[in-house]
Each structure stands twice: as C-alpha cells, then as structure tokens.
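Participant: One structure, pasted below without further comment.
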Amino acid sequence: MSPKLNFKIIGQGKPIIILHGLFGMLDNWLNMAKRLEDAGHMVVLVDQRDHGRSEHTNDFSYPLLADDLLHFMEENWIHEAVLIGHSMGGKTGLQFISEHEHMISKFIAIDIGPKKYIGGHQDVFDAVFSVDITHLQSRNEAESVMMTKLHDYGTVQFLMKNLTRKKEGGFEWKMNLPLLFAKYENILAGIVFSQPCLTETCFIRGEKSNYILDDDMGDILNVIPNSQFITIPDAGHWIHVDNPNELFNQINDFIRH
C-alpha cells in the first residue's frame, strides 16, 4: 500500500507536478510554483515519501517512489501531466517515464541524469546526526551544531527547514533520517530503461554543477532520444536558488512550445 503523500495545488489548468530532491520538501519549490501559476499553469507540489509532511515508510527506492507517484495521480484523477523533478525527484521522474511514459506529456529533469552516482552527502548526514534531537533545546542550537560540520550557511538553512517542534514539546526531523541513511545506495542508483522512452524531455543543468556532464549526453539520448539539454549560467546544483529567473524562463518556454 502506498504511503499518504502531502501535496499542495496552486492555480488552474493542465497539471504540472513538481518533485523535490533529497532532504527537501514541496516548500522548496513554492516560489517557482507561484511564478508558474502567474504564467497560467496549475502546479501540484508533492512531498515524496519519508520527506516533508508525507508518511514515513520502511523502504526507499526509485521503483517505490514512482509507484507512489502513480497512485497519487490515480487518486487525484490526473491522467496526464507535465512532470518536473529536481535531483532525487528527477530520478523518480526518470523511473516513472520508463514505466508510464503515456502519462507524462513533457518531462523536465533538473540537474540529474539516469546514471548511478557516487555518494556526496556523507557530510550532510554527519551534520544532521550530530544534532542530539532528543535533548535539543532550541533551533539555534541545532544550527550551531550543523555549522561546525558543514561550514555552509545555505545548506544548513536548507536542512533547518526539516526541523519541527513536536506537539508534546521538543523537536523532531520531518524527514525519515534513519531510513534515508540506510537506503542511501538506492538513492544513488541508476535508472534502467528496458527500451527507449519517447517522452519529450529537457535536462536542465547548472553551469557550476557536475551532475550532468557533456559525456553523459550520448548515453541519455540512447534511452531518451527526444531529449534536449540546457545549461543555466551562474548556477550550481540548486538552480532554483542560484538563478530562479532563468530557470523559470526555460521551464515556461519548454512547457509552452
């Protein structure tokens, strides 16, 4: 049985579904969703399993995440949509179009490809696990502890969005941290296409990011031949933070044409 997913719908029209990345939540994409709404789109923001306000589970893999999306679309009578996924959310999208390409009119993968990746989040796991959540007294305390590990204010603030107060007092993480750590190899895993997928797809990468290399493009075109590649200047992996204006323009242009 699929977990209950938290979601938010903004605007009216044909649906655009946005999936966030690892340690993220739908709120990360709220500003982009509002801009797409202003441009005349309906946007469906979804917290993936074990993230945000969605249900915690005991397993985590891209086939499961894609299955969650299928059930979500069926439950909400979404027969076809534009799908946008950032990082881990993009991997979910790639898995989904490999199985259900008829349900996605256009797909945008933001700074992620289908290949298997080498781990790069150990410092983040170390920082979050270093917070003694059971005895935590304040948000400032958690921020200070993570800063000693990460030394990157932006990343710490991103992680702090996951820290929430419990009704009975004290704090807890929104994300299912132990499971994400235990299943990290599944998060790095590649997406296997049993046959070429014909979905019209746009891979958008950050100029300063190394998640999609020039050398990856041939392999991507072999499995998703209707792909195009766009590089956003002055942006790393967090394109929607580093250069939201250019990202919006490219997303809107791709959806409309």
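Under the working numbering, the very last position in the sequence shown is 304; numbers go up by exactly one each time.
A virtual CB, placed ideally from N, CA and C, is assigned to each residue, including glycine.
#1: Assign residue 142 to one of three DSSP states: helix, strand, or coil.
#2: Near residue 289, what residues of its chain come up, given a Cβ to Cβ distance below 7 Å and the 5 sequence neighbours on each side ignored?
#3: Alpha carbon to alpha carbon, how far is residue 234 from residue 293? Give it in angstroms, no decimals.
#4: Apart from the five residues on each side of it in sequence, which residues of its chain come closer than 7 Å, Cβ to Cβ, to residue 224?
#5: Relative to the C-alpha of residue 192, which candidate in 69, 209 and 173 has its C-alpha closest?
#6: Run through the stretch 243-273 for me and flag every whole alpha helix (DSSP H) of 4 or more residues, listed as ranges in chain order.
#7: Leaving out five residues on either side along the sequence, give the residues of the same chain with a beta carbon under 6 Å from the beta carbon of residue 213.
#8: Do residue 132 and residue 151 have their C-beta atoms closer together than 8 Å?
#9: In this structure, what does DSSP give as the bridge partners for residue 128?
#10: Distance, Cα to Cα, residue 118 vs residue 71?
#11: Can you list, in chain order, the residues of its chain whose CB lies under 8 Å from that of residue 241, leaving out five sequence neighbours each side?
#12: Compute the Euclidean distance between the alpha carbons of residue 261 and residue 201, then round it to the nearest angstrom.
Facilitator: With the given structure in hand:
#1: Under the three-state reduction of DSSP, residue 142 is assigned to helix.
#2: Excluding residues within five positions, the ones whose Cβ falls inside 7 Å are 253, 281, 282 and 283.
#3: Rounded to whole angstroms, residue 293 to residue 234 spans 28 Å at the Cα level.
#4: Once the five neighbours on either side are set aside, the close Cβ partners of residue 224 are 175.
#5: For residue 192, the closest of 69, 209 and 173 by C-alpha to C-alpha distance is 173.
#6: Taken in chain order, the complete alpha helix (DSSP H) segments of 4 residues or longer contained in the stretch 243-273 are 264-270.
#7: Taken in chain order, the residues that qualify are 219.
#8: No, the pair does not count as a contact, with Cβ atoms beyond the cut-off.
#9: The secondary-structure analysis by DSSP pairs residue 128 across a beta bridge with 151.
#10: So the two alpha carbons sit approximately 21 Å from each other.
#11: If the five residues before and after residue 241 are omitted, its C-beta is found closer than 8 Å to the C-beta atoms of 145, all from its own chain and listed in chain order.
#12: Answer to the nearest angstrom: the Cα atoms are 28 Å apart.
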